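As given, the protein sequences belong to chains A and B, one line each in that order.
Using numbering that gives the first Met the number 0, the letters of the first sequence map in sequence onto residues 0 to 338.
Using numbering that gives the first Met the number 0, the letters of the second sequence map in sequence onto residues 0 to 113.
Where a beta carbon is used, it is the ideal one built from N, C-alpha and C, also for glycine.
Since we're looking at a predicted model, the values are computed, not measured.
Take a look at the structure set out below.
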Amino acid sequence: MTPVSVLTGFLGSGKTTLLAAMLRRPEFAGTAVLMNEFGEIGLDHHLIETSEEDLIALTTGCLCCQARGDLTLAVGGLLARRAAGEIAFERIVVETTGMADPGPILQGLMLDKELAGRVRLGRVVATVDAAIGAETLDDRAEARRQATFADRLVVTKADIAPPGAAAALSTRLRQLNPLAGIDVVSFGAADPSLLAPDASPGAAARWKELLDDIGRAEANARQEPGHHHQHGPDGVAAVLVRRDAPVPAAALPLFLEALAETFGPNLLRLKGLAAIAEAPDRPAVLHGVRHVVHPPVWLDRWPDDDRSTRLVLIGENIQPDWPGLLLDLIAEEARLAAD
Amino acid sequence: MRDVAGRSTLYPMTESEMRRFLEGLLTAWSVEGEASAAAIPDGVSGRISRPGLHEIAVTRRCLPFGVAWEVGAAGARTRAHPSSGGAIRSLGALLAPERARGRVVFAAAEDGAP
Numbered sequence: 000m001t002p003v004s005v006l007t008g009f010l011g012s013g014k015t016t017l018l019a020a021m022l023r024r025p026e027f028a029g030t031a032v033l034m035n036e037f038g039e040i041g042l043d044h045h046l047i048e049t050s051e052e053d054l055i056a057l058t059t060g061c062l063c064c065q066a067r068g069d070l071t072l073a074v075g076g077l078l079a080r081r082a083a084g085e086i087a088f089e090r091i092v093v094e095t096t097g098m099a100d101p102g103p104i105l106q107g108l109m110l111d112k113e114l115a116g117r118v119r120l121g122r123v124v125a126t127v128d129a130a131i132g133a134e135t136l137d138d139r140a141e142a143r144r145q146a147t148f149a150d151r152l153v154v155t156k157a158d159i160a161p162p163g164a165a166a167a168l169s170t171r172l173r174q175l176n177p178l179a180g181i182d183v184v185s186f187g188a189a190d191p192s193l194l195a196p197d198a199s200p201g202a203a204a205r206w207k208e209l210l211d212d213i214g215r216a217e218a219n220a221r222q223e224p225g226h227h228h229q230h231g232p233d234g235v236a237a238v239l240v241r242r243d244a245p246v247p248a249a250a251l252p253l254f255l256e257a258l259a260e261t262f263g264p265n266l267l268r269l270k271g272l273a274a275i276a277e278a279p280d281r282p283a284v285l286h287g288v289r290h291v292v293h294p295p296v297w298l299d300r301w302p303d304d305d306r307s308t309r310l311v312l313i314g315e316n317i318q319p320d321w322p323g324l325l326l327d328l329i330a331e332e333a334r335l336a337a338d
Numbered sequence: 000m001r002d003v004a005g006r007s008t009l010y011p012m013t014e015s016e017m018r019r020f021l022e023g024l025l026t027a028w029s030v031e032g033e034a035s036a037a038a039i040p041d042g043v044s045g046r047i048s049r050p051g052l053h054e055i056a057v058t059r060r061c062l063p064f065g066v067a068w069e070v071g072a073a074g075a076r077t078r079a080h081p082s083s084g085g086a087i088r089s090l091g092a093l094l095a096p097e098r099a100r101g102r103v104v105f106a107a108a109e110d111g112a113p
């Protein structure tokens, strides 16, 4: 399946500079770029130096405000052109507008029936300006939302930011989204593999990345003594749930349903590894964006000796101990139903 | 799950847990209110008080055949549920009927990796 990565970030945060720099790198070869224009002037379109063949500009306005079909049609169009032999690529990168909420875009990519089985969600990368990013995070909900949805955060313009600004911003971003790795870059000189990961990385590599994310979130939480969460603006919190006792398989969908029922669109990201009572040697991997969840994937074995359930939820208005309490209640109810 | 005498050995939700469970819902739905809880035979009861509005009563009992949640308020039918998810739905209908709800949708299966 073709990976589709999403590059997001607030207006002026350096998305296009990053993309333009990557497009010049040989490692980025084989990447089709989809971008959308904001307003009547397709400024971003003109800034990027690339072959028109490999670039489609979405001209109908803001991705997040249009029907999701606009993006999915564009992705489908690229795939069709590749199938017809008109173009060749291994991966797709979608650049959102600076005002976009990535949530609907990610959901569209995950849910579209035409794309099912043909593309998979790659990385979500968000750029944040080292010089004024903290101020933007204070003032703009869109910027906070973009950072929250990211798998990787790129702190840009470190070269022009005041001393210490990039480090302070990184600390703040870790609190906002402890799941995401953070890269600090100057002049858009980021590692191309950020947006152009191996198109066929193999299951083990992808599991490792997810486990790394969870480990990073736990490590970040440990830096907050006595807490397993961090609060950010808008009441956004990252909540960690760790349980040693395996969970009945039937409890898992009930738990996810109850989370969706309770938090609705305020549940932004969910990643985790679950110990299942009926299959103690095979953990289940969970990965969700809002209420869209990938079907649990069963690993062949545990990656290490730690066989506990580890879930990380990022969302708004989540009391830190509530998801764990809910899981305990539902697990017990499922055990009784199976008895 | 029962012991040899047929008594329930279900997870005994405590008063503190019931209070935190209800408080978590109030937070999630941005509803102003106060939650309290008390032990009852076979379980725990909770109450949500809201300024100028009817009190909402919740019970969770561990019965020989399973868990029974009940959610009710003055002027509304008391609803019974065998699971926490059902209780959350009923509480949501009473506390925040206009809230944005979600329903889990499974994306297309991938090739065995997240």
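Alpha carbon of VAL291(A) to alpha carbon of GLY107(A), nearest angstrom: 10 Å
Beta-bridge partners of VAL246(A), as assigned by DSSP: ILE275(A)
Per-residue burial, TRP321(A) [other beta carbons within 10 Å of its own, 16 or more giving buried]: buried
Nearest-angstrom Cβ-Cβ length linking ALA129(A) and ALA164(A), presumed shorter than 8 Å: 5 Å
Members of the segment 62-80 of chain B near chain A, C-beta cut-off 8 Å: GLY65, VAL66
First through last residue of the beta strand (DSSP E) which encompasses TRP68(B): 65-72
Test item: CB-CB of LEU168(A) and ALA220(A) under 7 Å: no
DSSP three-state assignment for THR126(A), whether helix, strand or coil: strand
Proximity winner among ALA36(B), SER44(B), SER83(B), relative to ALA65(B) (alpha-carbon distances): The displayed chain sequence assigns Gly, not Ala, to residue 65(B). Comparing Cα-Cα distances from GLY65(B) to each of ALA36(B), SER44(B), SER83(B), the minimum goes to SER83(B).
Proximity below 7 Å, CB of PRO245(A) to CB of PRO282(A): no
Min CB distance GLU256(A) to chain B below 7 Å: yes
DSSP state of ARG139(A) mapped onto helix, strand, coil: coil
Within 9 Å of chain B by C-beta, residues of the segment 260-273 of chain A in sequence order: GLU260, THR261, PHE262, GLY263, PRO264, ASN265, LEU266, LYS270
Helix, strand or coil at VAL74(A) [DSSP, three-state]: helix
When GLU113(A), SER12(A), PHE27(A), ALA19(A) are compared against GLN145(A), the one with the closest alpha-carbon: SER12(A)
Nearest-angstrom Cα separation, counted from GLU22(B) out to GLU94(A): 40 Å
Nearest-angstrom Cα separation, counted from GLY74(B) out to GLY51(B): 14 Å
Simplified DSSP assignment, three categories, for ARG289(A): coil
Own chain, CB closer than 6 Å to LEU25(B), minus 5 neighbours either side, in chain order: GLY32
Test: GLY101(B) CB closer than 7 Å to a CB of chain A: yes
ARG289(A): contacting residues in chain B (beta-carbon distance under 8 Å): GLY101
Three-state class that DSSP yields for ASP69(A) in the structure shown: helix
Whole-angstrom distance between ALA27(B) and HIS53(B), CA atom to CA atom: 20 Å
Interface residues of the segment 81-97 of chain B facing chain A [CB-CB below 8 Å]: PRO81, SER82, SER83, GLY84, ILE87, ARG88, GLY91
Among PRO319(A), ARG334(A), ALA330(A), nearest to PHE254(A) - alpha-carbon criterion: ALA330(A)
Per DSSP, cross-strand counterpart(s) of LEU178(A): Per DSSP, none; premise fails for LEU178(A).
Separation of HIS293(A) from MET0(A), as counted between CA atoms: 15 Å
Under the three-state DSSP convention, the category GLY84(A) falls into: coil
Chain-ordered neighbours of ARG19(B) on chain A, where CB pairs are closer than 8 Å: GLN318, ASP320, TRP321, LEU324
Spatially closest choice to GLY121(A) from ALA216(A), VAL235(A), LEU324(A), LEU209(A), by CA coordinates: LEU209(A)
Given 8 Å, three or more beta-carbon pairs between the segment 75-84 of chain A and the segment 13-27 of chain A: no
Under 7 Å by beta carbon: chain A residues contacting THR26(B): ASN316, GLN318
Distance CB(VAL123(A))-CB(ALA149(A)) smaller than 7 Å: yes
Own chain residues within Cβ distance below 6 Å of ALA125(A), not counting five before or after: THR7, GLY8, GLN145, ALA146, ALA149, LEU152
ARG309(A), DSSP secondary structure in three states: strand
7 Å Cβ cutoff, GLU277(A) in contact with chain B: no
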